[in-house]
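Chemist:
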Amino acid sequence: MNRGLKAGLLGLSLIAFTATAGEKEFFKYEVINGKYVEGEISADPDDKIWKTARGKDVYLYPQITVRLNDKKANSLIPKKKKVTARVKVVYNSKNIAVYVRWKDDTPSIQPVYDTDAFGDGVSVEFPNRFGKGISLPYVGMGDENHPVTVYLQKNVAGRDYQKVFISKGFGSLTEIEEDGVEISMKYNEETKEWTAVFKRPLKTDISNLKSGLVPVAFAIWDGDKYERDGNKVLSRWKFIKLGKFPINEDYVKYVSWGTPYIDWYRKDRKEDIGDPVRGKKLAIENGCNSCHRFDDQRIAPAGMAPDLSNIGVIANAVYIKESIINPNDVIIRNLNLNRHYNKGAQPDKFRAYPNNDMYQWYIMMDGKRQSKMPPFDYLSQQDINDIVAYLKTLKSWKKFK
Ligand code: HEC
């Protein structure tokens, strides 16, 4: 690549390396540049500091891999649109602040007493550990092997609803107190936009973000659409570049694997990892569709395994690859184990049927979770790349039921 481009791309980063075309695309589309400032950072969305940081658009898509037990909320999912959020990041030697702005024509406040109405909300999550040799967590709240810290705020009547959680997956949140955290959220009636700011120390007891490339993901809840818990829109893992800290070249290689993330339908697409048409054939031949729903493959019972219909926009390519080769590294927790009953079994003395294990996504073996998905590590590298190339093209939630 040419020198000028390389310099522009890596800016002030401390080490120079030659980015490949894929890595170039990765920095262009997946990386938000943090702006370094000398002074204090304000957590006020109206502070002038936010006028000086450019930021980047991040897209959020309906979370459909894990289903909520709510017919009304689920029935709205096929009609949802992707949400565009403007994200900006500033940092100084001690703190980092992330700004998130998005459009919502109808600001919803969660009332105190009505349990059928929900407030708008937003969260930012960071993996507790990341960097060379550490795989990406499940983006929808982490997993047992990869806990994340989630900063959440919601619009709830009469109180400040701001929380920090450590999460190891849906249904396994532990609230924590973190010193130096400031969170705020404001609605602008004129522009019909919410703006939220999350400020935290770069280094806490739990995670250290003093690194050239920091994974980050976003979720937004629209109360009007009955969104709450896992029912939300979600980004894939994005990355913040903090130019004051060194960038690890191997980590860039790892997280950018499979980029360009662009439409494979684009004519000028280069360096793609595989052939999506062959990948689809392989996915069917290997029986992925007996557990997962995706594309026009709808034979698997809903909820038996994550719905992969929009996996291409919610999961990073390298994460998809690892999910196929080693399902036990990241095990997604199913939210609704109690949703399915085995009506063929004997009911207990309260006339309740036992759970139907078919819908449990893992089994416990010697105290450890084991994914129900078999590892497909015997496939050739090209086969795996073709399957990933295919899954990357999946970006629809229209057939979700
Ligand atoms: C026996 C059922 C089964 C088969 C067959 C199966 N999977 Fe899975 N898969 C699961 C389950 C259950 C999970 C969730 C638990 C976990 O994280 O491992 C999962 C998780 C995944 C994930 C992560 C999803 C997410 O939202 O993060 C991907 C990607 C995936 N599978 C792809 C595939 C592909 C590709 C194939 C075929 C080559 C396949 N699976 C075959 C059951 C299956």
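Letter by letter, the sequence shown follows residues 805 to 1205 of the working numbering. All residues carry an ideal CB built from backbone N, CA and C; glycine is no exception. Computed from a predicted structure; not experimentally measured.
Have a look at Gly815 and Gly1107 and give me their C-alpha separation to the nearest angstrom.
Modeler: Counted from its first residue, the sequence shown places residue 815 at position 11. Counted from its first residue, the sequence shown places residue 1107 at position 303. The pLDDT assigned to Gly815 is 45, lower than 50, so where the model puts this residue is not dependable; a value taken from the coordinates is nonetheless given after this. Near 45 Å, if we compare the C-alpha coordinates of Gly1107 and Gly815.
Chemist: Identify the residues that DSSP records as bridge partners of Thr888: which are they?
Modeler: Mapped onto the sequence shown, residue 888 falls at position 84. Its beta-bridge partners are Tyr863.
Chemist: Counting along the chain, where does the alpha helix (DSSP H) carrying Asp1054 start and finish?
Modeler: Residue mapping note: residue 1054 aligns to position 250 of the sequence shown, counting from 1. Where Asp1054 is concerned, the enclosing alpha helix (DSSP H) stretches over 1053-1059.
Chemist: Could you say which of Asp947, Asp1170, Tyr1194 lies nearest to Thr978 if we only look at CA atoms?
Modeler: Locating residue 978 in the sequence shown gives position 174, counting from the first residue. Among Asp947, Asp1170, Tyr1194, the Cα nearest to that of Thr978 belongs to Asp947.
Chemist: Measuring only the C-alpha atoms, how far is Val960 from Met989?
Modeler: Against the sequence shown, residue 960 aligns to sequence position 156. Against the sequence shown, residue 989 aligns to sequence position 185. In a straight line, the C-alpha of Val960 is about 11 Å away from that of Met989.
Chemist: Using only the alpha-carbon positions, how far apart do Lys898 and Ser912 sit?
Modeler: Mapped onto the sequence shown, residue 898 falls at position 94. Mapped onto the sequence shown, residue 912 falls at position 108. Distance between the alpha carbons of Lys898 and Ser912 is about 34 Å.
Chemist: Which same chain residues, not among the five before or five after Pro1179, have their C-beta less than 7 Å away from its C-beta?
Modeler: Walking along the sequence shown from the start, residue 1179 turns up at place 375. Once the five neighbours on either side are set aside, the close Cβ partners of Pro1179 are Ile1129, Asn1130, Pro1131.
Chemist: If I follow the unbroken alpha helix (DSSP H) through Val1117, where does it start and stop?
Modeler: Taking the first residue of the sequence shown as 1, we reach residue 1117 at position 313. Element bounds for Val1117: 1115-1118.
Chemist: The ligand HEC and Asn1090: does any heavy atom of the ligand fall closer than 7 Å to the residue's C-beta?
Modeler: Here the question's residue 1090 lines up with position 286 in the sequence shown. Yes; taking the cut-off as 7 Å, the Cβ of Asn1090 has a heavy atom of the ligand HEC nearer than that.
Chemist: Pairing CB atoms from the stretch 949-968 with CB atoms from the stretch 867-877, are three or more of them under 8 Å?
Modeler: No contact exists between the stretch 949-968 and the stretch 867-877.
Chemist: Check whether the stretch 938-955 touches the stretch 1044-1051, counting contact only when three or more Cβ pairs, one atom from each stretch, lie closer than 8 Å.
Modeler: Too few Cβ pairs lie closer than 8 Å, so no.
Chemist: Please classify Asp1026 as buried or exposed, where buried requires at least 16 neighbouring CB atoms within 10 angstroms.
Modeler: The count along the sequence shown starts at 1 and reaches residue 1026 at position 222. Label assigned to Asp1026: buried.
Chemist: Would you call the stretch 929-943 in contact with the stretch 978-987, where contact means no fewer than 3 C-beta pairs closer than 8 Å?
Modeler: With a cut-off of 8 Å, the stretch 978-987 and the stretch 929-943 do not count as touching, because too few Cβ pairs lie within range.
Chemist: Can you find the residues in the same chain that come closer than 6 Å, C-beta to C-beta, to Lys1029, ignoring five residues on each side of it along the sequence?
Modeler: For the purposes of this step, residue 1029 is taken as residue 225 along the sequence shown, with counting starting at 1. Here the set comprises Leu880.
Chemist: Since Ala1023 is in the alpha helix (DSSP H), which residue starts that stretch and which ends it?
Modeler: As a working mapping, residue 1023 is identified with position 219 in the sequence shown. Taken as a continuous stretch (DSSP letters only), Ala1023 belongs to no alpha helix (DSSP H), being part of the beta strand (DSSP E) at 1017-1025.
Chemist: Assign Lys1125 to one of two classes, buried (16 or more other C-beta atoms within 10 Å of its C-beta) or exposed (fewer than that).
Modeler: Counted from its first residue, the sequence shown places residue 1125 at position 321. Burial call: buried.
Chemist: Output needed for Lys1007: all residues of its chain with C-beta closer than 8 Å, excluding positions within five of it in sequence on either side, in chain order.
Modeler: In the sequence shown, residue 1007 corresponds to position 203, counting from 1. Hits under 8 Å: Leu1013, Lys1014.
Chemist: Closest to Lys892 by CA distance: which of Gly923, Lys852, Lys883 is it?
Modeler: Taking the sequence shown and counting its residues from 1, the one referred to as residue 892 is at position 88. The shortest Cα separation from Lys892 among Gly923, Lys852, Lys883 belongs to Lys852.
Chemist: Determine which residues share a DSSP beta bridge with Gly925 and list them.
Modeler: The sequence position of residue 925 within the sequence shown is 121, counting from 1. Per DSSP, Lys958, Trp1025.
Chemist: Using three-state DSSP, classify Ile900 as helix, strand or coil.
Modeler: Residue numbering aside, residue 900 sits at position 96 when the sequence shown is read from its first letter. If DSSP states are grouped into helix, strand and coil, Ile900 belongs with the strands.
Chemist: Please classify Glu829 as buried or exposed, where buried requires at least 16 neighbouring CB atoms within 10 angstroms.
Modeler: Translated into the one-based positions of the sequence shown, residue 829 becomes position 25. That one is buried.
Chemist: With the cut-off set at 8 Å, would you say Arg1173 and Tyr1163 are in Cβ contact?
Modeler: Your numbering for residue 1173 matches position 369 in the sequence shown. Your numbering for residue 1163 matches position 359 in the sequence shown. No, Cβ-Cβ distance for Arg1173 and Tyr1163 is not below 8 Å.
Chemist: Does Phe831 come out as helix, strand or coil in the three-state DSSP assignment?
Modeler: As a first step, residue 831 must be located in the sequence shown, where it is residue number 27. Phe831 falls in the helix class under three-state DSSP.
Chemist: Within the continuous alpha helix (DSSP H) that includes Ser976, where are the two ends?
Modeler: As a working mapping, residue 976 is identified with position 172 in the sequence shown. Unbroken run through Ser976: none, as it is neither H nor E.
Chemist: Leu956 and Phe974 - do their beta-carbons sit closer together than 8 Å?
Modeler: Numbered from 1 along the sequence shown, position 170 holds the residue referred to as residue 974. Numbered from 1 along the sequence shown, position 152 holds the residue referred to as residue 956. No; because the gap between Cβ atoms is not below 8 Å, this pair is not in contact.
Chemist: Could you give the distance in angstroms between the alpha-carbon of Lys1003 and the alpha-carbon of Ala1193?
Modeler: Sequence index remark: in the sequence shown, residue 1003 carries index 199 (1-based). Sequence index remark: in the sequence shown, residue 1193 carries index 389 (1-based). If you take the alpha carbons of Lys1003 and Ala1193, they lie about 37 Å apart.
Chemist: Is the distance from the Cβ of Tyr1123 to the Cβ of Leu940 below 8 Å?
Modeler: Start at 1 with the first residue of the sequence shown, and residue 1123 comes out as number 319. Start at 1 with the first residue of the sequence shown, and residue 940 comes out as number 136. Yes, Cβ-Cβ distance for Tyr1123 and Leu940 is below 8 Å.
Chemist: Give the straight-line distance between the Cα atoms of Lys907 and Glu1031, rounded to the nearest whole angstrom.
Modeler: Translated into positions along the sequence shown, residue 907 becomes position 103. Translated into positions along the sequence shown, residue 1031 becomes position 227. So the two alpha carbons sit approximately 16 Å from each other.
Chemist: Kindly list the residues whose CB is nearer than 6 Å to the CB of Gly1078, restricted to its own chain and excluding five residues on each side of it in sequence; keep chain order.
Modeler: For the purposes of this step, residue 1078 is taken as the residue at position 274 of the sequence shown. Once the five neighbours on either side are set aside, the close Cβ partners of Gly1078 are Asn1189, Asp1190, Ala1193.
Chemist: Bridge partners for Glu986 per DSSP, in chain order?
Modeler: Along the sequence shown, one-based indexing puts residue 986 at 182. Per DSSP, Lys1003.
Chemist: Beta carbon of Thr888, beta carbon of Asp924: below 8 Å?
Modeler: Sequence index remark: in the sequence shown, residue 888 carries index 84 (1-based). Sequence index remark: in the sequence shown, residue 924 carries index 120 (1-based). Not in contact: Thr888 and Asp924 (Cβ atoms no closer than 8 Å).
Chemist: Less than 8 Å between the C-beta atoms of Pro1110 and Ile1136, yes or no?
Modeler: Position 306 of the sequence shown, counting from 1, holds the residue named residue 1110. Position 332 of the sequence shown, counting from 1, holds the residue named residue 1136. Result yes, Cβ atoms of Pro1110 and Ile1136 sit closer than 8 Å.
Chemist: In the DSSP assignment, find the unbroken beta strand (DSSP E) run with Tyr1166 in it and report its ends.
Modeler: The sequence position of residue 1166 within the sequence shown is 362, counting from 1. 1166-1169 is the extent of the beta strand (DSSP E) around Tyr1166.
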